[in-house]
Structures are given as structure tokens and as C-alpha cells.
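This is the structure in C-alpha cells:
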């Protein structure tokens, strides 16, 4: 008997059996969507919700669930009978937190070589101090970063308090280890907190310190410096005037205000003013109002010069702050690229020469490069030659020795195998291994090292990789290492998981700012922790 004959169908076996018509997508009358839009507009007005609420994934999921309930149980269901109260939602958030936390902990147990970023911040409405801890690792050759906790920091934020709080969170999630690497800012209390661990300075914070050091220490009595100070002052006055006079709407793009604590907002301010000047609208508006005095004080040539000087710092920060691709290998090339852009040119004005000199000096002094930054650079095939030419002999030998040591502790099975490409078709081309911003650091690889017979297996493996001219190719760095096998692969997986910046932890600040708004200023720290955790992990 065939399978079809053995299969018996029971027609009309239940009232809930779906009909063929239920699978056909029906075209809704145009008035339906219009009425729904009216209801949403009323909701935004009554509940003071942003219009973009309809574009949120959470709102879409809730709307679909309500449609499914209506389709299953009919139109007689009253919305009051199914919508929960606020307290019930709060209890369910607690339950979801515990459920997702168990899933995250299970994933962490199945991975290794976790890296931690952490930062402290203050919620201004309630003056509550928080610390955020984010974990980073590579899973299935994809970058993973998860907020583990955002906890209230009561009392003095001493180094001991910070260390105990962070270690407690890591122990809670089962990943506390002496081998954990940390990426933090350079605050003295934070540096002291992790002095017994591998700690790398946040490269983004270093860039911020460089610019703050230069522009906050200009001497008003110095004629060259006073011109720069005057430019920032005059552009800020112009932007403030446009805002207070309600003139922003007359521009294609509004002028941006600067925030003293964020250097990139100064660049945004200068760029917005420069763009408005180029369009001519800024001049026309002020001319009609007989207010050209706001423009007459601005040195347009100096404005463009400073923008061009600051742009590479902004672009470098963006490249180093991404969390979707490895960034640790780009820290040393970033320093080299910035310094190359600050070299004095024949056509530079006196002011530009002065600024370039001060910025170059600050980059040399404040852009900190850790040994792991150098080792990670070696793990980018396109940057091996750059590394060899940038480091002196002692520094380069330290990189080789570190790679050798890491390789020889990677595992007995892997460490004895040389680096070979796995069989099979090449991976699809993804993100470039090295962005064009760092193009000057990419050179053709020349064979340099010869591994001697007396070298250890680990060192032979490292030297073979560093001199292999066939490995340089432009593709995603993670794809490159995924296609390789051998003792260096686990080393690459370990080091490339380390982010160049602590930006992932800092991003929680802006999310928290949307979370703890005026109507939710009484949200307790436990709920803040749970909601930020769920936002990051579901």
C-alpha cells in the first residue's frame, strides 16, 4: 500500500480547520489604512508618543499579535480584555529578563576569550550614577557584543568599588577570568581598577583627549592662537543667534551647536556653518535682516582649513567605533595615518603649520598603542609590511615573540599545524579588509623572514605567516581567518574580538537617555538594568 493510500483524511474534522480563503492575501479597502492612520495620529497626540513609534519593531510585533488574536477569536473580543496593565508588563519584563539572561549565559559558556568594555555615566534627571558592562566575542566568525548589566554605583566611585562591581557582574554571568582583557577610558580610577588585568585604552577617548588638549590650551595672547579662538567664538555666536531668532527653518540644513565636552560637535558646528556659507543662504538671510556683522567676523579660509584638519580625526573615530567588524588591528594604522596627514606642506599658512605641529605632538604623546594593537595589526595580511616598516627591530621582535607564545598556548592540536587555506569555494566578498582611509598603510608584501630549522614549531608557524606573499587579499578580515586553519586561527579569534574603543558601553548612555525621560524619571535602577539588557539582547 502506498504512502498516499495509507494516509487518510478526515474531512471537516474540526471547526477551526483553516479554509483555503484564509491563506489568500486579501486587498484591504483604502479607507481601512486611512482610518488606522487617524487612530495612530490620535494616539501620538493623546499619549504624546513620537510619530516614529509606528516604525519600531516592537510596535509592529504587538500590532501583528493583535491582528492574529482578532483573526482567531473574532471581532467580539474587547481590547480591554487582552491589554495588560502597567504592573503586569513590569512583571513580565522581569520574567523576560531572567529567561533571556539564561540564554545569554548558555551562549557565553559555549564561547571563550571574552573581552569586556565598561564605562561610568550619570543620569542627569535623577543624578543616579551607573556603570555599564559589555562583553565582546566572536561566534561563528561574526562579532558579538552584548550589554550584560547597567548597575547603579552608589557611594564613592573608587578603583576598588569599580573593580568589585565589574568582577561581580562577570562572576554572575560565569565569565570571570584572570585572562579577560578590558577596554576602558583613561580615568585614573578605572585604570587603577584593572591594573591586574590586560587593559587597553579606548582609542576614541585618546582621539578626544588629543583634540581637547590642543584646542583647550590655546593661548589668547598668542596672535596665531587667538585667530583660532576667535573663529570658534564667532561661529558659536552665529549659531546661537540663528537658534534664538528662529532662523534655522530658513536654511536647507540647520546650523549645529557645539557641546564643550564633545569635540566632534565642534567639527559639526564648523561644517554646518561652512555648508550654509557655500549655499549662499546664510549670507542672504543676514543681508535681509541687516545683520551681516555676524559673518564679517568669520575667517572663511581659516574655517575651511580647520575643518580639513579635523575631518581625519572624525573619520578615524568612526572607523574605530564600529562593532560589526574587527577594529583592534586599525589602531596603529590610525596613528600613522593621522601623523601622515599632519605633515607640514609648502602651501600651509602659519596658523595651519602651528596647529599641525601641536596636533602631531599630541598624537605622539596621547595616542596610546598597546602591544596587543601591534599584534592585531600583524593579523591583518594587508598590514604586515606596514607593521614591519613602522616598528623598530626590538618592537617587531616583541610582536613575533608574543604571537609565538599565544600560538603555542592555543592548543596542542592546532599549534603544530601550519596556516593553510581550507578547501572549497572562496567566500563571498564582504567588507574590505582595510578601508581606503588606511590605504597608505597597505603595501605589497615582500618575503623577509626565513624560519630556521632550530626555531620552535610555534615560531616557524608565525614567521611563515608573516612572510607568505600569497595571503594578502582584500576581503573581510573575519572571512579570511574563517577560511584558514592552523595554530594562528584561535589567536586571531581571541585578539580580533577586542574592540578598539569602549563605544559599545558608551552607546548605552544615549539609549538610557531615551529610556529615562521626564515621565519615567522614577524608573528604578533594577528596571533600567533589565530594559537595557533586553534592548541589547533580544
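In the UniProt record's numbering, the protein residues as written are 1 to 538. Glycine residues also receive a C-beta, built at the ideal position from the N, C-alpha and C atoms.
Less than 8 Å between the CB atoms is what I'm expecting for residue 388 and residue 396, so what's the real figure, rounded?
Stepping through the chain shown from its first residue, residue 388 is reached at position 388. Stepping through the chain shown from its first residue, residue 396 is reached at position 396. 6 Å between Cβ atoms; contact.
Using 10 angstroms around the beta-carbon of residue 477, count the other beta-carbons present and answer buried if the total reaches 16, otherwise exposed.
Within the chain shown, numbered from 1, the residue matching residue 477 stands at position 477. That one is buried.
Tell me, please, whether the segment 353-369 touches the segment 230-239 by the rule of three or more beta-carbon pairs shorter than 8 Å.
With a cut-off of 8 Å, the segment 230-239 and the segment 353-369 do not count as touching, because too few Cβ pairs lie within range.
Could you please give the first and the last residue of the uninterrupted alpha helix (DSSP H) stretch that includes residue 230?
The residue you call residue 230 lines up with position 230 of the chain shown. Run containing residue 230: 223-244, per the alpha helix (DSSP H) assignment.
Cβ-based burial, residue 529 [other Cβ within 10 Å; buried from 16]
By one-based count along the chain shown, residue 529 stands at place 529. Taking a 10 Å sphere around the C-beta of residue 529, we find 16 or more other C-beta atoms and assign the residue as buried.
For residue 215, report the span of its alpha helix (DSSP H) as first-last.
Residue 215 sits at position 215 when you count from the first residue of the chain shown. In the DSSP assignment, residue 215 falls within the unbroken alpha helix (DSSP H) covering 203-215.
Label residue 329 either buried or exposed according to how many other C-beta atoms from any shown protein chain fall within 10 Å of its C-beta, with 16 as the threshold for buried.
Translated into positions along the chain shown, residue 329 becomes position 329. Here residue 329 is buried: its Cβ has 16 or more other Cβ atoms, across all protein chains shown, within 10 Å.
Between the C-alpha atoms of residue 488 and residue 407, what's the straight-line distance to the nearest angstrom?
As a working mapping, residue 488 is identified with position 488 in the chain shown. As a working mapping, residue 407 is identified with position 407 in the chain shown. Their Cα atoms are separated by approximately 6 Å.
Host alpha helix (DSSP H) of residue 404 (start-end):
As a first step, residue 404 must be located in the chain shown, where it is residue number 404. DSSP places residue 404 in the uninterrupted alpha helix (DSSP H) bounded by 393-408.
Pick from 45, 39, 138: whose alpha carbon is nearest that of residue 324?
By one-based count along the chain shown, residue 324 stands at place 324. Of the residues 45, 39, 138, the one whose Cα lies closest to the Cα of residue 324 is 138.
Taking the continuous alpha helix (DSSP H) assigned at residue 592, which residues delimit it?
Given that the chain is displayed from residue 1 to residue 538, the structure contains no residue 592 and the question cannot be resolved.
6 Å CB neighbourhood of residue 163 in its chain, flanking five on each side removed
For this step, residue 163 is matched to residue 163 along the chain shown. Same-chain partners within the cutoff: 193.
Out of 85, 43, 441, 318, point me to the one whose CA is closest to residue 336's CA.
Position 336 of the chain shown holds residue 336. Among 85, 43, 441, 318, the Cα nearest to that of residue 336 belongs to 441.
Run through DSSP, which three-state label would residue 497 get?
Numbered from its first residue, the chain shown carries residue 497 at position 497. If DSSP states are grouped into helix, strand and coil, residue 497 belongs with coil.
DSSP puts residue 142 in a beta bridge; with which residues?
If you number the chain shown from 1, residue 142 lands on position 142. Paired residue(s): 139.
Excluding five sequence neighbours on each side, which residues of the same chain lie with their C-beta closer than 8 Å to the C-beta of residue 210?
Residue numbering aside, residue 210 sits at position 210 when the chain shown is read from its first letter. Closer than 8 Å at Cβ, skipping near neighbours: 313, 359, 362, 363, 366, 367.
Quick one: give me the first and last residue of the alpha helix (DSSP H) that residue 250 is part of.
The count along the chain shown starts at 1 and reaches residue 250 at position 250. No alpha helix (DSSP H) contains residue 250, which DSSP labels as neither H nor E.
State the start and end residues of the unbroken alpha helix (DSSP H) segment that holds residue 575.
Residue 575 is absent from the model: the chain starts at 1 and stops at 538.
Among residues of its own chain, excluding the 5 on either side of residue 181, which ones have a beta-carbon nearer than 6 Å to its beta-carbon?
Looking up residue 181 in the chain shown gives position 181. Excluding positions up to five away in sequence, the list reads 115, 198, 498.
Is residue 484 helix, strand or coil by DSSP?
Mapped onto the chain shown, residue 484 falls at position 484. Note: residue 484 maps to strand in three-state DSSP.
Measure the Cβ-Cβ separation of residue 183 and residue 117 and say whether it is below 7 Å.
What you label residue 183 is simply residue 183 of the chain shown in a count that begins at 1. What you label residue 117 is simply residue 117 of the chain shown in a count that begins at 1. Inclusion of residue 183 and residue 117 in the CB contact set at 7 Å is warranted, their separation being smaller than that value.
Looking at residue 257 and residue 239, is the spacing between their C-beta atoms short of 7 Å?
Against the chain shown, residue 239 aligns to sequence position 239. Against the chain shown, residue 257 aligns to sequence position 257. With respect to the 7 Å criterion, residue 239 and residue 257 are classified as neighbours on the basis of their beta carbons.
With the cut-off set at 7 Å, would you say residue 235 and residue 269 are in Cβ contact?
One-based indexing of the chain shown puts residue 235 at position 235. One-based indexing of the chain shown puts residue 269 at position 269. The beta carbons of residue 235 and residue 269 sit closer together than 7 Å.
Taking the beta carbon of residue 29 as the centre, do at least 16 other beta carbons fall within 10 Å, making it buried, or is it exposed?
The count along the chain shown starts at 1 and reaches residue 29 at position 29. With fewer than 16 Cβ atoms within 10 Å of its Cβ, residue 29 is classed as exposed.
For a test of the three-state rule: what should DSSP assign to residue 151, helix, strand or coil?
Translated into the one-based positions of the chain shown, residue 151 becomes position 151. In the structure shown, residue 151 sits in a strand (DSSP, three-state: E or B).
For residue 206, which option in 127, 369, 333, 483 has the closest C-alpha, if you only look at C-alpha atoms?
Counted from its first residue, the chain shown places residue 206 at position 206. Residue 206 has its Cα closest to that of 369, out of 127, 369, 333, 483.
For residue 486 versus residue 404, is the C-beta distance shorter than 7 Å?
As a first step, residue 486 is located in the chain shown; it is residue number 486 there, counting from the start. As a first step, residue 404 is located in the chain shown; it is residue number 404 there, counting from the start. No. Outside cutoff.
Determine, using beta carbons only, whether residue 131 and residue 165 come nearer to each other than 7 Å.
To locate residue 131, count along the chain shown from 1; it is residue 131. To locate residue 165, count along the chain shown from 1; it is residue 165. Closer than 7 Å, so yes.
Taking residue 539 as the reference, give the member of 66, 72, 90 with the closest Cα.
No answer is possible for residue 539: it lies beyond the span of the chain, which begins at 1 and ends at 538.
What's the gap between the Cα of residue 504 and the Cα of residue 285?
On the chain shown, residue 504 is found 504 positions in, with the first residue counted as 1. On the chain shown, residue 285 is found 285 positions in, with the first residue counted as 1. Distance between the alpha carbons of residue 504 and residue 285: 41 Å.
Among 401, 507, 493, nearest to residue 456 - alpha-carbon criterion
Along the chain shown, read from residue 1 onward, the residue named residue 456 stands at position 456. Checked all of 401, 507, 493; the closest Cα to residue 456 is 401.
Along the alpha helix (DSSP H) that carries residue 108, what are the first and last residues, could you check?
The residue given as residue 108 occupies position 108 in the chain shown. Run containing residue 108: 86-109, per the alpha helix (DSSP H) assignment.
Neighbourhood of residue 90 by C-beta distance below 8 Å, restricted to the same chain and skipping five residues each side
Indexing the chain shown from 1 puts residue 90 at position 90. Same-chain partners within the cutoff: 527.
Do you know how far the Cα of residue 534 is from the Cα of residue 95?
For this step, residue 95 is matched to residue 95 along the chain shown. For this step, residue 534 is matched to residue 534 along the chain shown. Cα-Cα distance, rounded: 11 Å.
Range of the contiguous alpha helix (DSSP H) that encloses residue 265
Working through the chain shown from its first residue, we reach residue 265 at position 265. Residues 263-279.
Taking the beta strand (DSSP E) that residue 183 falls in, what are its first and last residues?
The residue given as residue 183 occupies position 183 in the chain shown. Here the beta strand (DSSP E) through residue 183 covers 181-184.
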